[in-house]
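Read through the structure below, which is laid out as structure tokens, and then see the notes.
Protein chains: 2
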Amino acid sequence: MEPSSPEVAAAPALPVESGLHARVLEHLGTAICGGELAPGSVLNIDELVDRYAVSRSVVREVLRVLASIGFIEARRRVGVMIRPASAWNVFDPQVIRWRLASAGRMAQLRSITELRTAVEPHAAFLAASRIGRDEASDLVGLAAKMWAAGEAGDEERFLHLDIEFHRRVLLASGNEMFVRLQDLVAEVLTGRHKHHLMPHHPHEQALQMHADVAQAIQRRDGERARQAMVQLMEQAFDEMKSLWEQTAPPHRSA
Amino acid sequence: MEPSSPEVAAAPALPVESGLHARVLEHLGTAICGGELAPGSVLNIDELVDRYAVSRSVVREVLRVLASIGFIEARRRVGVMIRPASAWNVFDPQVIRWRLASAGRMAQLRSITELRTAVEPHAAFLAASRIGRDEASDLVGLAAKMWAAGEAGDEERFLHLDIEFHRRVLLASGNEMFVRLQDLVAEVLTGRHKHHLMPHHPHEQALQMHADVAQAIQRRDGERARQAMVQLMEQAFDEMKSLWEQTAPPHRSA
DNA sequence: AGATGCAAATGATATGATCTTTGGGTGGAA
DNA sequence: TTCCACCCAAAGATCATATCATTTGCATCT
Chain A
0 MEPSSPEVAA
10 APALPVESGL
20 HARVLEHLGT
30 AICGGELAPG
40 SVLNIDELVD
50 RYAVSRSVVR
60 EVLRVLASIG
70 FIEARRRVGV
80 MIRPASAWNV
90 FDPQVIRWRL
100 ASAGRMAQLR
110 SITELRTAVE
120 PHAAFLAASR
130 IGRDEASDLV
140 GLAAKMWAAG
150 EAGDEERFLH
160 LDIEFHRRVL
170 LASGNEMFVR
180 LQDLVAEVLT
190 GRHKHHLMPH
200 HPHEQALQMH
210 ADVAQAIQRR
220 DGERARQAMV
230 QLMEQAFDEM
240 KSLWEQTAPP
250 HRSA
Chain B
0 MEPSSPEVAA
10 APALPVESGL
20 HARVLEHLGT
30 AICGGELAPG
40 SVLNIDELVD
50 RYAVSRSVVR
60 EVLRVLASIG
70 FIEARRRVGV
80 MIRPASAWNV
90 FDPQVIRWRL
100 ASAGRMAQLR
110 SITELRTAVE
120 PHAAFLAASR
130 IGRDEASDLV
140 GLAAKMWAAG
150 EAGDEERFLH
160 LDIEFHRRVL
170 LASGNEMFVR
180 LQDLVAEVLT
190 GRHKHHLMPH
200 HPHEQALQMH
210 ADVAQAIQRR
220 DGERARQAMV
230 QLMEQAFDEM
240 KSLWEQTAPP
250 HRSA
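Chains A and B are the protein sequences, given in the same order.
If you're matching positions, the first sequence starts at 0 in numbering that gives the first Met the number 0 and goes up one per residue.
If you're matching positions, the second sequence starts at 0 in numbering that gives the first Met the number 0 and goes up one per residue.
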């Protein structure tokens, strides 16, 4: 086994969270994200106790969590009211997971892609001045492996390397908030893959740009790293755009 | 009352949330953010029941919420373990509030400022293509009021206008995730103000740049809007930098 | 019409019991 | 001695029930 080589970390793969609390939370969260429970509609605790055949404790704990992410608001004498999407904590990983599994999936992908477009170039810029020697070497190595996988047409491997590459850039940015976006990026890339948006062989340009980003970061050239990442984002954005233009209608109000 | 003029919206000012749940949550959240409860240390429910003199219902509901933001992990036969900061949902508004009130305040301000630097320029770019006619007019008007307040040396009013300006740009970006960052921006600006980082009279340049951003957005010139916002961010970043260089030591590991 | 007060509805909190999981100890086998 | 299967008590998870507190609709009073 390679000692400290830039290998692909296996996805954590959360263990399905059994337990009544998790089950009810999952069900309600999905229902709200999916619009099955429209904003403004009202539930009450006893009703939920019956519907899910669990105790009040479980229901109340779930409701507290839902309230903390802005999904609901409990009011005495009224019940539990579903709040509009504008109140949701759209950065909560759970919310993102639920939305990616719902009908609003394309809207979510679009939001995240725009966020990436804003954040990743700056992350690359910061990484150039904060990354350690070894990490920089690994990054360059990772870009090389991506090139190899791309040439070989190994889409699966390319995807994992791609995720790992962006993950490491965010990590090297040294900003805790950027770091937390790595899961979102992984989701977007995986989503893109699942919809066969990955061109059969990744664009030659994309491969080169990953290499450029890595090299610029290693050379501590923040501006060049940013520029290269911007180009990467533009390409990724175009691919995404074709995705949601084919799936979703135009898009919302604007 | 002015019909639809770009007036400053009064801050919502959350109503202090009384109730046992809120009190205990607040206390524990603050303690964890403040490092009084170190990662790895273990609590147990009955202990908390005693310490806060509340029922288990309340404690359990609080723990569920804390678990959902990654602060703790409950394990049978062990107790409730405090998780390391790397597991926290650093985008959760509550977490941000707690951290801004803790010793890690400067680190939090730094993270958010970097995030702003990444996001706001892109938000301005997107706003240029998505903003409505009236909103654009309001934005320009707001920049004009900022100029007036700056000239008059009315720091208080300038702060509110500044917050409102950035809020509207994020809103006009049409990206739900960007919109959710408005509270963070408000926190940063307020924090800067409280530490007397606002130069007595705002820099002439800053005033001009706000006007540039507004105008570029109205003219639907995304690139120019982005550029102007980048300059604004650079200046804001410099001000912040002097703030945390005077308060915090160097900064962490890197 | 408007103020006032009562009472039902519903969430908030308290309490005690039982179920389930699991870390650690124990004893026997290799 | 070392290791592993097994057992038990500790602590969270869930349940059931009771009481408290607040809000709101409505009837009543002025």
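We put the beta carbon where it would ideally sit given N, CA and C, even for glycine.
Since this is a predicted model, take the numbers as computed values, not measurements.
Contacts around residue i, its chain only, beta-carbon distance under 8 Å, and the 5 residues preceding and following it disregarded
i, result
"P83(A)", "P38 and G39"
"L158(A)", "L188, T189, H192 and M197"
"V168(A)", "E119, A122, A123, A126, L138, V212, I216 and M228"
Residue i to residue j span [Cα, whole Å]
i, j, result
"A30(A)", "R63(A)", "16 Å"
"A122(A)", "V212(A)", "11 Å"
"M228(B)", "H209(B)", "8 Å"
"F124(B)", "R166(A)", "25 Å"
"R218(A)", "D133(A)", "13 Å"
"E163(A)", "V15(B)", "43 Å"
"V139(A)", "A21(A)", "41 Å"
"D153(B)", "A73(B)", "51 Å"
"I71(B)", "A142(B)", "44 Å"
"A171(B)", "L180(B)", "13 Å"
"I95(B)", "Q230(A)", "32 Å"
"T116(B)", "V178(B)", "15 Å"
"Q245(A)", "E35(A)", "24 Å"
"R129(B)", "A148(A)", "39 Å"
"H26(B)", "D45(B)", "17 Å"
"R135(B)", "F90(A)", "Reading off the sequence, residue 135(B) comes out as Ala, not Arg. Going by the C-alpha atoms only, they are around 27 Å apart."
"R156(B)", "K240(B)", "24 Å"
"Q204(B)", "Q204(A)", "39 Å"
Cβ-Cβ distance between residue i and residue j below 7 Å
i, j, result
"E113(A)", "N174(B)", "yes"
"V118(A)", "V61(A)", "no"
"N43(A)", "G78(A)", "yes"
"L206(A)", "W146(A)", "yes"
"M176(B)", "S110(A)", "yes"
"L99(B)", "Q93(B)", "no"
"H202(A)", "L242(A)", "no"
"A151(A)", "I216(A)", "no"
Buried versus exposed, by CB contacts within 10 Å (16 or more), residue i
i, result
"D49(A)", "exposed"
"A52(B)", "exposed"
"E233(A)", "exposed"
"A12(B)", "In this prediction, A12(B) has a pLDDT of 47, which is less than 50 and means its spatial position is unreliable; nothing more can be read from the coordinates."
"S67(A)", "buried"
"R76(A)", "exposed"
"D288(A)", "No information on residue 288(A) is available, as it lies outside the stretch 0 to 253 that chain A covers here."
"R55(A)", "exposed"
"D137(A)", "buried"
"G131(B)", "exposed"
Boundaries of the beta strand (DSSP E) in which residue i is found, first to last residue
i, result
"A66(A)", "Note, A66(A): premise wrong, no beta strand (DSSP E); alpha helix (DSSP H) at R55 to S67."
"G131(B)", "Where G131(B) is concerned, there is no enclosing beta strand (DSSP E), given that its DSSP letter is neither H nor E."
"G78(B)", "G78 to I81"
"R74(A)", "I71 to R74"
Nonlocal neighbours in the same chain, by C-beta distance under 6 Å from residue i, ignoring five residues either side
i, result
"K144(B)", "L160"
"V41(B)", "G78 and M80"
"A235(B)", "none"
"L47(B)", "V58"
"A185(A)", "I162"
"R223(A)", "A215"
"W97(B)", "G28, T29 and C32"
Range of the contiguous alpha helix (DSSP H) that encloses residue i
i, result
"A21(B)", "L19 to C32"
"A52(A)", "Looking at the DSSP string, A52(A) is not in any alpha helix (DSSP H), and its letter there is neither H nor E."
"R96(A)", "P92 to L99"
"V212(A)", "E203 to Q217"
"G103(B)", "Looking at the DSSP string, G103(B) is not in any alpha helix (DSSP H), and its letter there is neither H nor E."
"A156(B)", "Inspection of the sequence shows that residue 156(B) is occupied by Arg rather than by Ala. Note, R156(B): alpha helix (DSSP H), E154 to A171."
"L178(A)", "What sits at residue 178(A) in the sequence shown is Val, not Leu. E175 to V178 is the span of the alpha helix (DSSP H), which, as asked, contains V178(A)."
"G190(B)", "Q181 to K193"
Neighbourhood of residue i by C-beta, 7 Å cutoff - its chain only, sequence neighbours within 5 removed
i, result
"G33(B)", "S101 and A102"
"D182(A)", "P92"
"P120(A)", "R225, M228, V229 and M232"
"G69(A)", "R82, A86, W87 and N88"
"D220(B)", "A127"
Residue i: CB within 6 Å of a non-hydrogen atom of the ligand MN
i, result
"S172(A)", "No copy of the ligand MN appears in this structure; indeed no ligand is present at all."
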